[in-house]
Amino acid sequence: MLGALFIAFRRGERWLHQHIFKVGWLLTNNFHITTILYYCLFLPGIALHELTVWLLAGLLRVHAETAIDFPAAQEIGELRLNFVRLSPGAGRARKVIISLAPLAAGSIALWLLAAGVFRWGAALAPLEAGGIDALALALGNVLRTADFWLWFYLAFVIANTMFPAQPILHSRWQQAVAGLGLFSLALLAWAIDSASSLTLLESLAVALLQVLAFNLLVVAVLGTAESLIERVTGKSASFVDGVMVAMSREEARAWRAEQAQASSASQSPAKPKTFRSIYDFPLPIPGPPGREPVSRQAVTVLQPAPEPLDDDDSYLDEGDGPYHEDKP
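When the letters of the sequence shown are read in order and numbered with this note's numbering, they come out as residues 1 to 328.
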């Protein structure tokens, strides 16, 4: 279950980043201003990500340089988390550990928010009774959390900035070894203390469910805002290979229809043609009298090579042939 929640979260994260960037561009019509607003929105998560990288690099004695520059204008809806740059001489193992540090820090922060702030266990307790009234009561308990929207915002930005900025496992065998290592650690934790391991997994699952619920709410708000802005302004945009391409609303609709048609055509296998009668065969059709046929094949005439002549049959031998001249 935990793996399924993780995959679902990662698939929705890219969509969220792209459409947050798109809504910013629809409001400003300026890539530079959109980029600044985009980074400011995720500023708490960016700060936690980069601070964790910098602290762990210092603990592992890896030289790290800070490059806190103003973000340049970009047309890609993704965060470039390279404000802390590791030394190229750092070992591969230490780079992997440092790159995974923000994921661990973000998971701990989400768990603290779920257990200490939102208190999902107590808030969702009325759901055990079942019914619509119990669901409304549980949602009311969650929304009555002190400073709910502030904690909601912090959980959202931390969750969507805690993953490594760049892929750290490039090859297939590295990914396989990492997956095998995680599976071995899970089995070891289960063997040592099954009760504690189960509690830990349940806590992580609750933290991921919390983030998925928040992301779904943001998706609904983004979709509504995006549709309204496009309807009012007549502007739209689409992402082609991760890059945002500005276009009108009608052009965006036509482009999406073409993409959907191409996708359905590529997925549906070609049906073999069935011949029910002789009239279904593509037979050649002759033309009317006195005209060329509809289709004809080029005819190639092959001439045999001349056979070599013997000396006795040659017309050019001396004393034979029509051009013979007597010798004096």
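Glycine included, each C-beta is placed from N, C-alpha and C at the ideal position.
Proximity of residue i and residue j at Cβ, strictly below 7 angstroms
i, j, result
"Ala135", "Leu5", "Ala is not the amino acid found at residue 135; the sequence shown has Leu there. Against a cut-off of 7 angstroms, the Cβ pair of Leu5 and Leu135 comes out as no contact."
"Ala154", "Pro44", "First, the amino acid is wrong: residue 154 is Leu here, not Ala. Against a cut-off of 7 angstroms, the Cβ pair of Pro44 and Leu154 comes out as a contact."
"Phe163", "Thr145", "no"
"Gln74", "Phe239", "no"
"Ala101", "Val84", "no"
"His111", "Ser203", "In the sequence as displayed, the identity of residue 111 is Trp instead of His. Closer than 7 angstroms, so yes."
"Ile108", "Ala57", "no"
"Gly242", "Ile76", "yes"
"Leu81", "Val62", "no"
"Leu60", "Arg94", "yes"
Which of helix, strand or coil DSSP assigns to residue i
i, result
"Phe31", "helix"
"Arg144", "coil"
"Thr161", "coil"
"Ile108", "helix"
"Leu332", "It is not possible to answer for residue 332, since the shown part of the chain is limited to 1 through 328."
"Phe42", "coil"
"Ser277", "coil"
"Arg11", "helix"
Residue burial classification, residue i (beta-carbon count within 10 angstroms, cutoff 16)
i, result
"Thr34", "buried"
"Trp351", "Because the chain in this structure spans residues 1 to 328, residue 351 falls outside the shown range and cannot be described."
"Phe70", "exposed"
"Ala262", "exposed"
"Ala237", "buried"
"Val143", "Here residue 143 is Leu; the residue named in the question, Val, does not match the sequence. Leu143 should be labelled exposed."
"Leu79", "buried"
"Ile158", "buried"
"Gln210", "buried"
"Val53", "buried"
"Val206", "buried"
"Val232", "exposed"
Rounded distance between the beta-carbons of residue j and residue i, thought under 8 angstroms
i, j, result
"Arg249", "Glu230", "5 angstroms"
"Glu13", "Asn141", "Not really, about 28 angstroms apart at Cβ, beyond 8 angstroms."
"Met244", "Trp25", "7 angstroms"
"Leu48", "Ala105", "6 angstroms"
"Ala114", "Leu124", "Not confirmed; about 11 angstroms, so no contact."
"Leu212", "Phe9", "6 angstroms"
"Leu41", "Ile20", "7 angstroms"
Every unbroken beta strand (DSSP E) inside the stretch 53-93 [3 residues or more]: 64-66, 84-86
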